[in-house]
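Residue numbers (full-length UniProt numbering): 1 to 183.
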């Protein structure tokens, strides 16, 4: 977009804070923000500031795999049993979906649980710790989705396709601010 989309104003907060608040209100044990070195987190709503930890990915400019690796390393040091990879630009994501993913993960012996939107698995993605070594091998601008065909898992349907909608362009942002029913 040519600017920090997470800092874009959205109904008394910022685009990034909308998804962050959903994560913080969910049953996640801990929320980590993987950020670029230059990101001072000015986009984070003041009501969220003490509820998460941030880790810096110094090579984020090399692609999204580097951010994933940084996040997995931080999770390993914290003794995580699983990691949920979320996008901060998904303003329609619901806490219920995140909690359902975690509930299914505790019942099923699978390596991942994804989000099924329009017949495609996408974030949020929850990975068991047995997948951490594979996630740490990702390189470049490759996301975790490329591992899915080699893993045992499932994708949960979302209630509305817009829950998985992410904001990547000015046109999408313009459409988003025209919506009146953001949580």
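Using N, Cα and C, we set each Cβ at its ideal position, and we do this for glycine too.
Just curious, the alpha helix (DSSP H) that residue 146 is in, first and last residue? Within the chain shown, numbered from 1, the residue matching residue 146 stands at position 146. Segment: none, residue 146 is in no alpha helix (DSSP H) and carries neither H nor E.
Cβ-Cβ separation, residue 135 to residue 265 (assumed contact under 8 Å), whole Å: Because the chain spans 1 through 183 in this model, residue 265 falls outside it and cannot be assessed.
Pairwise C-alpha distance: residue 23 and residue 150: Start at 1 with the first residue of the chain shown, and residue 150 comes out as number 150. Start at 1 with the first residue of the chain shown, and residue 23 comes out as number 23. Rounded to whole angstroms, the separation of the alpha carbons of residue 23 and residue 150 is 27 Å.
Does the pairing of the stretch 157-175 with the stretch 110-120 give three or more beta-carbon distances under 8 Å? Inter-segment contact for the stretch 157-175 and the stretch 110-120 is present: three or more beta-carbon pairs are separated by less than 8 Å.
Where do the ends of the beta strand (DSSP E) carrying residue 158 lie? Position 158 of the chain shown, counted from the start, is the residue given in the question as residue 158. Taken as a continuous stretch (DSSP letters only), residue 158 belongs to no beta strand (DSSP E), as it is neither H nor E.
Buried or exposed: where does residue 37 fall if 16 or more other Cβ atoms within 10 Å of its Cβ makes it buried? Here residue 37 is taken as the residue at index 37 of the chain shown, counted from 1. Classification of residue 37: exposed, given that the 10 Å Cβ count is below 16.
If distances are taken between C-alpha atoms only, which option among 50, 25, 73, 14 comes closest to residue 129? The count along the chain shown starts at 1 and reaches residue 129 at position 129. Closest option to residue 129, Cα to Cα, is 73.
Looking at the unbroken alpha helix (DSSP H) that takes in residue 95, where does it start and where does it end? Position 95 of the chain shown, counted from the first residue, corresponds to residue 95. Element bounds for residue 95: 95-107.
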